[in-house]
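Visitor:
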Amino acid sequence: MPSRKKPGSASGNKARLVTLPGAPRELIVVTQSDAGLRVRGPAMESVSGKSVTSLSKLLEANGATMTPCFGVEERVQRALMTAAPEVAETMPALVNYYFVEAADDKLDKLAEDMMNQSLVEAAYVKPPAYPPVYMELEEAAPRALEVAPPVTNAFMANQLYLEAAPGGIDARYAWLCAGGRGRNVRIVDIEGAWRFTHEDLLQNQGGVIGGVQSSDLGWRNHGTAVVGEFGGDQNNFGVTGISPLANVRAISIFGGGQSWGKAITDAANALRGGDIILIELHAAGPRFNFQGRDDQRGYIAVEFWPDAFAAIVYATQVRGVIVIEAAGNGAENLDDPIYSNRPVTFPLSWRNPFNLANPQSGAILVGAGAPPPGTHGANHGPDRSRLDFSNFGARLDVQGWGREVSTTGYGDLQGGSDENLWYTNRFSGTSSASPIIVGAVASLQGALRAANKPLLTPTITHDLLRNTGSPQQDAPGRPATQRIGNRPDLKSALNSLGIQPIVKLKEAKDVKEKDVKDIKDTKEKEKEKETVKDFKDSKDSSKEGKEVKEAKEKDFKDIKDSAEKVLDKVQDKIKEVFDRPETAAPTSLEERLARLEQTVSQLAHFISGEERPDLQASTLGEEEDLKALSHELEKQAVDAKAAKDHKDIEKLREG
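If you count the sequence shown from 1, position 404 lands on 403 in numbering that gives the first Met the number 0, and the numbers rise without skipping.
Below, the structure written as structure tokens:
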């Protein structure tokens, strides 16, 4: 297949990128530590006895409202009391952050006036947030005139990021482990809009739980594509997510009273320790004076802004939630001294979060790496090299595919008039890279939970992703010293955590490892009375000489015949189970598994415990996988029985 050139490369001109309407700008006010401000709707007071008259009049004159960024102050304080003492000492003062809503054309002047208020330490206007997608216009255009097929084709073969390392993250290996598809893990995606009615996003999602969705198609396509990477349904069509059994929900940054920081803390409060937040946003940084650009130059991760940083710290250090954050598409070196210059409107306590010597947010920062050359006929440079738009620096932890990601949405792979049937081969940016990391972490957490092992903490996740995986590669003009980190390798990571597949399929050149759906923790199976043991006990009989030997040989023949009948019965049962009509009701698979487990238990004596997979009905694995497992189990039983027959015959001869 000839290589598809990068868009715009033929003429040497930059291709036009997809541009979306940004989220509204936000005015954030940070009060003095001794202000003791309490705001309840239009009412405002200071519990420390300070005058609030001037501040109230300023808000009223501008038709503005002020609300706590992170919720009612007393509730925030109670939540912080649950943090460890060392965490509480370094936590930003969340109760001092307020979100001011006013007409956009008044925000800049209002921020200046706020800085003159005695109760206010800082007041800054945040630039609009955008999704960090890096797609050319022609790539994002849906095939609108195409008529979608009656049944969507399977596009899993396009999802090469699922494959073994180093090209992919080896999600298929994780699927061989109990819990490796993300079961019992919760994820909240923070951005602008989603198509949760998509045909491939129906099984394990809880919808939008905060904010108001943007009506813009670009935002909606973006959210749909993001969720498809880790949450695409497990079925026989479309795509399959890296962690399809994880529960997926979403919070929008749009809507009255909503802000980036509030979305993050709301997500953290909706999750448990070990669950995952994905922040799919970036914004214009100081390189071009916080001004937006169509080429996204200078766009950076949202943790640069104090309220977002504080919210992430709350999520990671107080709630124990793992936060995955897009590094942004600004082509910025985050080690540049420009990021250590405190904007004059920021609090005096602010420190550059990209400098590892300063307090850290605890988020996993994700860069965009090139996929293997030839993916979808394209060549974006050496595999795992930094893509030219990706931000880089010591702060970045890990990389994902930043080009050629197949997922739900957009409609360039499968289009038509119905958005619910749209798929793409071209999702990109730190937008496409970050969901791959989410899926990888969800797989790890699901496997750890299934194994009753301690879950990853934000700190352990950070260290694991930095210390395992496939290393970044050089590209012309983009050396690996421009750090975006390793690409995850789930096999390596799982092995380092002591997690092994429940079922090991026989390896052969022409046999590909099958996807194996979650298998519950192996429980001790009841063993039937061992017939061979009965035979051995007969050695204590008082018979002597030839009669004894003949009796032993006869007993052994009976045992062998009995075992062969058991094996024949298993073979018949397996054939009976899998030859049933494919149109059976979904619950029939559970019945099939129950019957298969019942027959397999008759061969428990011939299979060692470590090789005996759990085939409980509740496992509900994919039928193709179970067929492969049953064939392998049958072969192991035959081999084990033959070996035991040989061993017992030798003992008889010796006797």
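Ideal Cβ placement from N, Cα and C applies to all residues, glycine included.
This structure is a prediction, so every number in the text was calculated from the model and none was measured.
Would Ile-252 pass as a contact of Ala-262 if the rule is Cβ separation under 8 Å?
Guide: Locating residue 252 in the sequence shown gives position 253, where the first residue counts as 1. Locating residue 262 in the sequence shown gives position 263, where the first residue counts as 1. A contact, by the Cβ cut-off of 8 Å.
Visitor: Out of curiosity, what's the CA-to-CA distance linking Lys-513 and Gly-497?
Guide: Counted from its first residue, the sequence shown places residue 513 at position 514. Counted from its first residue, the sequence shown places residue 497 at position 498. Residue confidence is low: Lys-513 scores 42 on pLDDT, short of 50, so the model does not pin down where it sits. Its coordinate-derived value is still stated next. For Lys-513 and Gly-497, the gap between their C-alpha atoms comes out near 22 Å.
Visitor: Please name the residue, chosen from Phe-229, Gly-273, Glu-100 and Trp-304, that lies closest to Leu-280 on a Cα-to-Cα basis.
Guide: The residue labelled residue 280 in the question sits at position 281 within the sequence shown. Ranking the options by Cα distance to Leu-280, first place goes to Trp-304.
Visitor: Are the beta-carbon atoms belonging to Ala-326 and Gly-260 less than 8 Å from one another?
Guide: Residue mapping note: residue 326 aligns to position 327 of the sequence shown, counting from 1. Residue mapping note: residue 260 aligns to position 261 of the sequence shown, counting from 1. No, these two residues do not count as a Cβ contact at 8 Å.
Visitor: Name the residue from Asn-235, Pro-149, Asn-95 and Val-437 whose alpha carbon lies nearest to the alpha carbon of Phe-69.
Guide: Sequence index remark: in the sequence shown, residue 69 carries index 70 (1-based). Here the closest residue by C-alpha is Asn-95.
Visitor: Tell me which residues share the same chain as Thr-680 and place their Cβ nearer than 8 Å to its Cβ, disregarding the 5 neighbours each side in the sequence.
Guide: Outside the modelled stretch of the chain, which goes from 0 to 654, sits residue 680, for which no answer is possible.
Visitor: What did DSSP end up calling Arg-77 once you bin it into helix, strand or coil?
Guide: Taking the first residue of the sequence shown as 1, we reach residue 77 at position 78. In this structure, Arg-77 counts as helix in the three-state DSSP scheme.
Visitor: Please report the distance separating the alpha-carbon of Lys-125 from that of Ile-27.
Guide: Here the question's residue 125 lines up with position 126 in the sequence shown. Here the question's residue 27 lines up with position 28 in the sequence shown. Cα to Cα, the separation comes out at about 8 Å.
Visitor: Where does the unbroken alpha helix (DSSP H) through Gly-230 begin, and where does it stop?
Guide: Within the sequence shown, residue 230 is the residue found at index 231, counting from 1. Its alpha helix (DSSP H) spans residues 216 to 230.
Visitor: In three-state terms, what does DSSP make of Asp-188?
Guide: Within the sequence shown, the letter at position 189 stands for residue 188. Note: Asp-188 maps to strand in three-state DSSP.
Visitor: How big is the Cα-Cα spacing for Ala-173 and Ser-442?
Guide: Start at 1 with the first residue of the sequence shown, and residue 173 comes out as number 174. Start at 1 with the first residue of the sequence shown, and residue 442 comes out as number 443. One C-alpha to the other measures close to 7 Å.
Visitor: Between the C-alpha atoms of Ile-606 and Ala-177, what's the straight-line distance to the nearest angstrom?
Guide: For the purposes of this step, residue 606 is identified with residue 607 of the sequence shown, where counting begins at 1. For the purposes of this step, residue 177 is identified with residue 178 of the sequence shown, where counting begins at 1. For Ile-606, the predicted model reports a pLDDT of 45, less than 50, meaning its position is unreliable; a value from the coordinates is still stated below. Rounded to whole angstroms, Ile-606 to Ala-177 spans 20 Å at the Cα level.
Visitor: Need the endpoints of the beta strand (DSSP E) that Met-43 sits in, please.
Guide: Indexing the sequence shown from 1 puts residue 43 at position 44. Element bounds for Met-43: 42 to 45.
Visitor: Determine the direct distance from the alpha carbon of Pro-20 to that of Gly-166, and round the result to whole angstroms.
Guide: What you label residue 166 is simply residue 167 of the sequence shown in a count that begins at 1. What you label residue 20 is simply residue 21 of the sequence shown in a count that begins at 1. In a straight line, the C-alpha of Gly-166 is about 34 Å away from that of Pro-20.
Visitor: Compute the distance between the beta-carbons of Phe-426 and Val-404, then report whether it is under 8 Å.
Guide: For the purposes of this step, residue 426 is taken as residue 427 along the sequence shown, with counting starting at 1. For the purposes of this step, residue 404 is taken as residue 405 along the sequence shown, with counting starting at 1. Result yes, Cβ atoms of Phe-426 and Val-404 sit closer than 8 Å.
Visitor: Exposed or buried, what is Ile-668 when buried is set at 16 or more other beta-carbons lying within 10 Å of its beta-carbon?
Guide: Only positions 0 to 654 of the chain appear in the structure, and residue 668 is not among them; the question remains open.
Visitor: Please report how far the alpha carbon of Ala-83 lies from the alpha carbon of Val-317, in whole angstroms.
Guide: If you number the sequence shown from 1, residue 83 lands on position 84. If you number the sequence shown from 1, residue 317 lands on position 318. Roughly 8 Å separates the two Cα atoms.
Visitor: Can you tell which of Pro-131, Arg-383, Met-113 and Pro-130 has the C-alpha that lies nearest to the C-alpha of Tyr-123?
Guide: Reading the sequence shown from its first residue, position 124 is the one you call residue 123. The residue with the shortest Cα to Cα distance from Tyr-123 is Met-113.
Visitor: Could you tell me the distance, in whole angstroms, from the CA atom of Ala-307 to the CA atom of Gly-205?
Guide: As a first step, residue 307 must be located in the sequence shown, where it is residue number 308. As a first step, residue 205 must be located in the sequence shown, where it is residue number 206. Straight-line Cα distance between these residues: approximately 24 Å.
Visitor: Could you spell out the range, first to last residue, of the alpha helix (DSSP H) harbouring Gly-445?
Guide: Taking the sequence shown and counting its residues from 1, one reaches residue 445 at position 446. Taken as a continuous stretch (DSSP letters only), the alpha helix (DSSP H) holding Gly-445 covers 429 to 449.
Visitor: Is there contact here, the stretch 191 to 204 with the stretch 225 to 235, by at least three beta-carbon pairs under 8 Å?
Guide: yes
Visitor: Could you name the residues of the same chain whose beta carbon sits closer than 7 Å to that of Pro-434, not counting the 5 residues immediately before and after it, in chain order?
Guide: Working through the sequence shown from its first residue, we reach residue 434 at position 435. Around Pro-434: Val-225, Glu-228, Phe-229 and Leu-277.
Visitor: Is there contact between the stretch 56 to 69 and the stretch 33 to 45, where contact requires at least three CB pairs shorter than 8 Å?
Guide: yes
Visitor: Assign Gln-398 to buried or exposed, taking buried as 16 or more other Cβ atoms, counted over all protein chains shown, within 10 Å of its Cβ.
Guide: Mapped onto the sequence shown, residue 398 falls at position 399. When all chains shown are included, Gln-398 counts as buried.
Visitor: From what residue to what residue does the beta strand (DSSP E) around Phe-426 run?
Guide: Reading the sequence shown from its first residue, position 427 is the one you call residue 426. Note, Phe-426: beta strand (DSSP E), 422 to 426.
Visitor: Three or more C-beta pairs closer than 8 Å, one from the stretch 331 to 348 and one from the stretch 366 to 378: is that the case here?
Guide: no
Visitor: So what does DSSP say about Gln-398, is it helix, strand or coil?
Guide: Locating residue 398 in the sequence shown gives position 399, where the first residue counts as 1. Strand.
Visitor: Can you say whether Glu-111 is buried or exposed, counting buried as having 16 or more other CB atoms within 10 angstroms of its CB?
Guide: Position 112 of the sequence shown, counted from the first residue, corresponds to residue 111. So Glu-111 ends up on the exposed side.
Visitor: I want to know whether the stretch 152 to 159 touches the stretch 476 to 484 - three or more CB-CB distances under 8 Å.
Guide: no
Visitor: Can you name, in chain order, every residue of its own chain whose Cβ lies under 6 Å from the Cβ of Glu-100, other than the five neighbours on each side?
Guide: As a first step, residue 100 is located in the sequence shown; it is residue number 101 there, counting from the start. The answer, listed in chain order, is Thr-64.
Visitor: Out of Arg-394, Gly-401 and Leu-58, point me to the one whose CA is closest to Leu-464's CA.
Guide: The residue you call residue 464 lines up with position 465 of the sequence shown. Of the candidates Arg-394, Gly-401 and Leu-58, the one whose C-alpha sits nearest the C-alpha of Leu-464 is Arg-394.
Visitor: Check this for me: beta carbons of Pro-127 and Gly-291, under 8 Å apart or not?
Guide: Start at 1 with the first residue of the sequence shown, and residue 127 comes out as number 128. Start at 1 with the first residue of the sequence shown, and residue 291 comes out as number 292. For Pro-127 and Gly-291, yes; Cβs fall inside 8 Å.
Visitor: Closest to Leu-333 by CA distance: which of Ser-389, Val-322, Phe-289 and Ile-363 is it?
Guide: Taking the first residue of the sequence shown as 1, we reach residue 333 at position 334. Nearest of Ser-389, Val-322, Phe-289 and Ile-363 to Leu-333, Cα basis: Ser-389.
Visitor: Report buried or exposed for Glu-623, applying the criterion of at least 16 other Cβ atoms within 10 angstroms of its Cβ.
Guide: Locating residue 623 in the sequence shown gives position 624, where the first residue counts as 1. The predicted model places Glu-623 with a pLDDT of 45, which falls under 50 and marks its position as unreliable, so this point remains unresolved.
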